[in-house]
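Below is one structure, written out as structure tokens; comments come after it.
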Amino acid sequence: MQQNTPEIIKQKNSNLSILLIVVNLILLLIFANVEDNGSNQESINYCYLSFVATVLLGFYAFSYHGKGYRIAKWLFAISLIISLLLFGLMWYGAGLAGAFKN
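Using full-length UniProt numbering, the letters of the sequence shown map in sequence onto residues 1 to 102.
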């Protein structure tokens with residue numbers, strides 16, 4: 001029988017966390033595409049999806065410590081930049097839409 005050392009338990013928990021993050025993102029992607037939305041609502045749904053992906057990656061990146069989890073922090077940083085760019089574009093688009101309203 002295999003010995004359950006703290007490192008093995010930590011690795012199992014890490015793998016389970018990754019699986020749950022992927023499942024949540026797939027469910028959110030399905031939810032974003034279920035309804036027959038207009039193009040505006042679809043882009044807002046993808047902004048929400050990027051925000052949730054950033055939050056989940058952030059929880060994962062800062063929950064596990066060690067050299068083996070450094071890639072999670074890089075993925076979180078990349079996801080944070082992408083999310084900020086998407087929200088910035090949405091904010092800019094909303095500002096442009098407000099400027100052309102009579």
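Glycine included, every Cβ here is placed at the ideal spot set by N, Cα and C.
Nearest to F51 by C-alpha distance, out of S63, S17 and L28, is L28. Straight through space, the alpha carbons of A53 and F59 are spaced by roughly 10 angstroms. For the 8 angstroms CB-CB criterion, A61 and Y69 form a contact. With a threshold of 16 other beta carbon atoms within 10 Å, A72 meets it and is buried. Linking I44 to G98 through their CA atoms gives a straight-line distance of about 17 angstroms. The DSSP-derived three-state label of F51 is helix. Counting along the chain, no alpha helix (DSSP H) covers V34, and no H or E run does either.
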